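Each residue of the sequence shown is one higher than the last, beginning at 2 in the UniProt record's numbering. By construction, the Cβ of each residue, glycine as well, lies at the ideal position given by its N, Cα and C atoms. Keep in mind that this is a model prediction, so the values were computed, not measured. A short worksheet on the structure shown next.
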Amino acid sequence: KKKIVIVGGVGGGATVAAQIRRTDKEAEIHLFEKGGYVSFSNCGMPYYLGGVLESREDILYPAEEFEENFNLHVHTETEVTRVLREQKQITFQKQDSATQEETLSYDKLILSPGAYALCPQIDGMAKARTFTLHTIPDMDAIDQFIEKHQPATAAVIGAGFIGLEMVENLKARGLHCTLIDRGEQVAKLVDKDMADHVADHLTEKDVSLKLHDGLSSFSNEGKKLHLASGKTVDADMTILSVGVRPNTQLAVHSGLKIGNTGAIAVNQFMQTSDPDIYALGDVVETPDSITGVEQNVALAWPAHRQAFIIASHLTNKKIPYQGTMGTGILKVFDLTVGSTGHTSTTLKQEGYTFKEAILQASSNVGYYPGSDRLWIKILFEAETGLIYSGQVVGYAGADKRLAVLATAIKGKLTVYDLQELEIGYAPPFSNSKDPLNILGYKAASLIT
Ligand code: FAD
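Structure representation (structure tokens):
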């Protein structure tokens, strides 16, 4: 029977463990997690903080239950410290420092150590009121600070996924928020013309926006933020959501190949440069489905798919990973924002020429209650009409249009195919011609 050791027990690690157990009842599986929790839903943390979820337990999976359900060995609060490739062993250290470092051998090792939240050291920063959100202890620290100090105001630095979700959820806890980003737009997963609708919505929701401005320093015990422009913002607490970086230390120290993006390089079966060591999730780079260029994408879907690829490969089923499109979606108050494929900026950076079509439409028939605005944008190849990317911003039905566009890109459909999609119509859902059909006609007219 195979002995499989997994490093990291959350998005990729817990999933690959469960997948392997489904296909191999015999394997001895050890799952190491340096934190106290396995298989928790990181994605649910902002909603717990906002009070949308009633109980902390909603996003947790007790380690003992996980161990029992999948018949494996779970080692929480235990950090894997080194990989000794020649001996095919790892060393690990329990958090309680009383115990010595121990070793364990493996037949196959799987690395899913994720990423860490960037936390730049900024002058005057007060640790007690400045937070990142990546782990359950991070979440608890934010929650406890709010409960204990009843802050009235928060500054959120970085208007990406986590920053935007935190603004909404801190507002739900009664805090007035200032969202600060050094870029010219919020939500860089979409183009600026689409993101402007998100910025308008944030303003409608009484969020103060400071774009094109960075945080330079703090004063007054971390309660006054000084921005690059010279402006100041007062905030009782600050969330830093300025990005993540892959946790590559173990891979680097054991001499595994690191790719151009700084993440672990893997082949199409998620094997690293050592074929007995696989890696997945936020720590790897994979080819972009459109351009083929390697990229490091920190999202849950790739981690889950890669877990399946690895579990299959371990039972001699060779299913190649076909690349990452980077489809992302998020809720910003009442708005849905999503994209699949590239933005104009990243597609231009890769040297692509393309045309774009944008449509402002209604989610469904105007006379039916709930009908609201919907913006859809696609980028496509100028001659053939092949769709490169799709972006949506809207209220009802925006997620459906994003899902259709993600499917269209995967199926290598063109703007002409968009005209032909029978999406299904009744007044609560669409129009007899769906906005995606209309966008197909509009885009085709730009070609001819
Ligand atoms: P993780 O799930 O982060 O797991 C890595 C684990 O490895 C960590 O628990 C870490 O403690 C452990 N570890 C690291 N080094 C060691 C070591 N040496 N020894 C032992 N253990 C170690 N994605 C989406 O697609 N949609 C969302 O809505 C979404 N929301 C998110 C919200 C938040 C607040 C966060 C933080 C992330 C969100 N993500 C979302 C991203 C998604 O959670 C990750 O892409 C996914 O969890 C990646 O899985 P992973 O296994 O690579 O990393």
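Exercise for the section: Answer yes or no: the CB of F33 versus the heavy atoms of the ligand FAD, is any distance below 6 Å? Expected result: yes
Problem - Residue closest to E222, alpha-carbon to alpha-carbon, out of T100, A127 and G371 - result: A127
Exercise for the section: Measure from the C-beta of E66 to each C-beta in chain B and report whether the shortest distance is under 7 Å. Expected result: Included in the structure is just one protein chain, with no chain B present.
Problem - Three or more C-beta pairs below 8 Å linking the stretch 394-406 and the stretch 328-343 - result: yes
Problem - Contained alpha helix (DSSP H) runs [length at least 4] in the stretch 16-90, N- to C-terminal order - result: 46-50 and 64-71
Practice task
Check the C-beta distance from residue 1 over to G36 and give it rounded, since I have them as a contact under 8 Å.
Solution key: No information on residue 1 is available, as it lies outside the stretch 2 to 449 that the chain covers here.
Exercise for the section: Compute the minimum distance between the beta carbon of E78 and the heavy atoms of the ligand FAD, and state whether it is under 6 Å. Expected result: no
Handout entry: A127 (DSSP reduced to helix, strand or coil)
Key = coil
Practice task
Within the same chain, show all residues whose beta-carbon is closer than 7 Å to that of residue 1, passing over the 5 residues directly before and after it, in chain order.
Solution key: Given that the chain is displayed from residue 2 to residue 449, the structure contains no residue 1 and the question cannot be resolved.
Exercise for the section: Using DSSP bridges, identify the partner residues of M238. Expected result: A155
Practice task
Just the C-alpha distance for K149 and N297, rounded to the nearest angstrom, thanks.
Solution key: 38 Å
Practice task
Using beta-carbon positions only, say whether E166 and P47 come within less than 7 Å of one another.
Solution key: yes
Practice task
Check whether the Cβ of C120 lies closer than 6 Å to any heavy atom of the ligand FAD, and answer yes or no.
Solution key: no
Practice task
Give a single yes or no on whether C44 has its beta carbon closer than 6 Å to a heavy atom of the ligand FAD.
Solution key: yes
Practice task
Closer than 6 Å by C-beta to A397: which residues in its own chain qualify, once you throw out the five before and the five after it? Chain order, please.
Solution key: S364, G371 and D373
Handout entry: Range covered by the alpha helix (DSSP H) that runs through D182
Key = It is not in any alpha helix (DSSP H) - D182 instead sits in the beta strand (DSSP E) that spans H177 to D182.
Handout entry: Test item: CB-CB of T341 and A399 under 7 Å
Key = no
Problem - Beta-carbon proximity check, F334 vs K206, cutoff 7 Å - result: yes
Practice task
Can you check DSSP and say which residues form a bridge with L380?
Solution key: E357 and S390
Exercise for the section: Rounded to whole angstroms, what's the CA-CA distance from V199 to V191? Just pull it up for me. Expected result: 10 Å
Exercise for the section: Take V393 and list the residues in its own chain whose beta-carbon comes closer than 6 Å to its own, dropping the five residues that flank it on each side. Expected result: G339, I377, A399, R402 and L403
Problem - Between the CA atoms of F162 and L54 - distance to the nearest angstrom - result: 19 Å
Exercise for the section: Let me know the secondary structure DSSP gives G13 once reduced to three states. Expected result: helix
Problem - Exposure label - Y107; buried when at least 16 CB within 10 Å - result: buried
Exercise for the section: Starting from E351, follow the beta strand (DSSP E) in both directions and report where the run begins and ends. Expected result: Taken as a continuous stretch (DSSP letters only), E351 belongs to no beta strand (DSSP E), as it is neither H nor E.
Exercise for the section: Enumerate in chain order the residues of its own chain whose CB-to-CB distance from I279 is below 6 Å, with the five nearest sequence positions on each side excluded. Expected result: Correcting the residue type first, residue 279 is Tyr in the shown sequence and not Ile. Closer than 6 Å at Cβ, skipping near neighbours: I111, M271, Q272 and I311.
Practice task
Starting from the Cα of E68, find the closest Cα among I60, H31, V253 and Q94 and give me that residue.
Solution key: H31
Problem - Outcome for L348 when other beta-carbon atoms lying within 10 angstroms are tallied against a minimum of 16 - result: buried
Handout entry: P247: CB within 6 Å of a non-hydrogen atom of the ligand FAD
Key = no
Problem - Same chain, Cβ closer than 6 Å to H177, neighbours up to 5 away in sequence not counted - result: T154
Handout entry: Assigned exposure category for L414 - 16 Cβ within 10 Å defines buried
Key = buried
Exercise for the section: Give the range of the alpha helix (DSSP H) segment to which L315 is assigned. Expected result: A301 to L315
Handout entry: Cα-Cα separation between H213 and L228, rounded to whole angstroms
Key = 10 Å
Exercise for the section: State the Cα-Cα distance for the pair A28 and R130, rounded to the nearest angstrom. Expected result: 46 Å
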